[in-house]
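Residues in the sequence shown are numbered consecutively from -18, following the working numbering.
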Amino acid sequence: MASPVTNEAWVTLATNDSYAVGALVLGHSLRRASTNRQLAVIITPDVTQGMREQLNSVYDHISAVDVLDSNDDANLALLKRPELGITFTKIHCWRLTQYTKCVFLDADTLVLLNCDELFERDELSAAADIGWPDCFNSGVFVYTPSNETFNSILNFALENGSFDGGDQGLLNMYFHDWATKDIRRHLPFTYNMTSNATYTYQPAYHLFGRNVRIVHFIGSLKPWMQGYNSLTHKVELREGTTHAIEHLQAWWDIFIADVQHRLQPSYAGLAGQLALMVVAEDVHIAADERARQLAWESGHIDYMGQDAFENIQRKLDQVINENSKS
-18 MASPVTNEAW
-8 VTLATNDSYA
2 VGALVLGHSL
12 RRASTNRQLA
22 VIITPDVTQG
32 MREQLNSVYD
42 HISAVDVLDS
52 NDDANLALLK
62 RPELGITFTK
72 IHCWRLTQYT
82 KCVFLDADTL
92 VLLNCDELFE
102 RDELSAAADI
112 GWPDCFNSGV
122 FVYTPSNETF
132 NSILNFALEN
142 GSFDGGDQGL
152 LNMYFHDWAT
162 KDIRRHLPFT
172 YNMTSNATYT
182 YQPAYHLFGR
192 NVRIVHFIGS
202 LKPWMQGYNS
212 LTHKVELREG
222 TTHAIEHLQA
232 WWDIFIADVQ
242 HRLQPSYAGL
252 AGQLALMVVA
262 EDVHIAADER
272 ARQLAWESGH
282 IDYMGQDAFE
292 NIQRKLDQVI
302 NENSKS
């Protein structure tokens, strides 16, 4: 393995415990790929202390940010445009000036092969977005940390907003000449392969799929929202999932081997529920149960179906009866 490079880093962002699960799997995937760069994660207050400790065991550096911190002039300025709060959080990555070069990875990405060669690229290098190839996808990009650039992007955001309401629109507006300026800043699709591309262009995937280095699980159904059968050790796809099963299986293999047994039920949201999994004989964790838990926590309650009072009452009676027998 090459000597450690301490002034360059892979950077990701976790805004809650569920995305922190993604960040943990991502971090382990980078370690498994034998990167010799540092790992850094940006977190927000919704990441619980317990999950922060888990991240600290995988990442070399944790940077806590709070976009509503009135003691920070930049965040105070943002209060004039509160709708940009989530967008703003990601651009904090430019403030990691202890590093001379970084590669940002969304927490819903997975590294399959060593990609340290990306650090040879210049800012802003990224792969085209499949929805509009003249734009880059901001799930993976090479950048140079700089407080000057951070302030410039912040001021640009406050003045112009984002055409899609998110960080991708903002960054494409700021780095507006990406499509035409320098082809060397166009990363091959294999460095940011949106997982559903295996369905939309299967012939290309069959030809180039073995070269995929980073998978990006775009969309609302993230890997940690799928089901897992502990008897067969296989992922079970939720209805509507467009991600390739082999990539989801790779994600879950790392999660089960390196992450799940370290989680605690006290963690928020899905992370706490995933901690309750028992990976043993005849135990089956159903996708629908976790999806329903997430829906309940989000306020989307199926009053007429599984969440109807009579069903809840039946479950409570079952638990009470079981406890009375023990």
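Virtual Cβ for every residue (Gly too), placed ideally from N, Cα, C.
All of these numbers come straight from a predicted model, not from anything done at the bench.
Among the residues of its own chain, which have a CB less than 7 Å from the CB of residue i, if the five just before and after it don't count?
i	result
S247	G31, G253
H281	Here H281 scores only 44 on pLDDT, less than 50, and its place in the model should not be relied on; the value that follows carries that caveat. There are no such residues.
T(-13)	Q19
Y0	A88
E104	V123, Y124, T125
F189	T171
R33	I24, I43
H224	S176, N177, F198
P26	D47
L11	W(-9), L20, V92
Any idea what DSSP makes of residue i, helix, strand or coil?
i	result
I226	helix
I199	coil
Q258	The identity of residue 258 in the sequence shown is Met, whereas the question assumes Gln. The answer is coil: DSSP assigns M258 none of H, G, I, E or B.
T204	The residue asked about is misnamed: residue 204 is Pro in this sequence, not Thr. Here P204 sits in helix by DSSP.
T90	strand
A238	helix
T(-4)	coil
P184	helix
C96	coil
D27	coil
D148	helix
S133	helix
S10	helix
L77	coil
Y155	helix
Applying the 10 Å Cβ sphere with the 16-neighbour rule, what's the burial state of residue i?
i	result
D47	exposed
Q183	exposed
N37	exposed
E(-11)	buried
L135	buried
P126	buried
V259	exposed
G112	exposed
S(-16)	exposed
P204	buried
H197	buried
T213	exposed
R102	buried
G8	buried
H187	exposed
F156	buried
N141	exposed
T29	buried
H242	exposed
R191	exposed
Have a look at the DSSP bridge pairing and note the partners of residue i.
i	result
E(-11)	K82
H42	A21
M174	V196
A107	F122, H167
E217	G208
F320	This structure gives no information on residue 320, because the portion of the chain shown stretches from -18 to 307.
Using a Cβ-Cβ cutoff of less than 6 Å, which residues in the same chain neighbour residue i once the five nearest sequence positions on both sides are dropped?
i	result
L99	V84, V123
I199	T175
G3	A88, D89
R13	none
Beta-carbon within less than 8 Å of residue i's beta-carbon, same chain only, minus the 5 sequence neighbours each way: which residues are those?
i	result
T78	P126, S127, N128
N173	T90, A107, A108, N118, G120, V121, I195, H197
Q207	V216, E217, L218, R219, T222, L229, W233, A268
D239	L5, V6, H9
My guess is that residue i and residue j are in contact by the Cβ rule of under 8 Å, so how many angstroms apart are they, rounded?
i	j	result
I318	V6	Residue 318 lies beyond the range of the chain shown here (-18 to 307); nothing can be said about it.
D115	A160	4 Å
N(-3)	G250	6 Å
L86	T(-7)	5 Å
F323	W75	Here the chain has residues from -18 to 307 only, and residue 323 is not among them.
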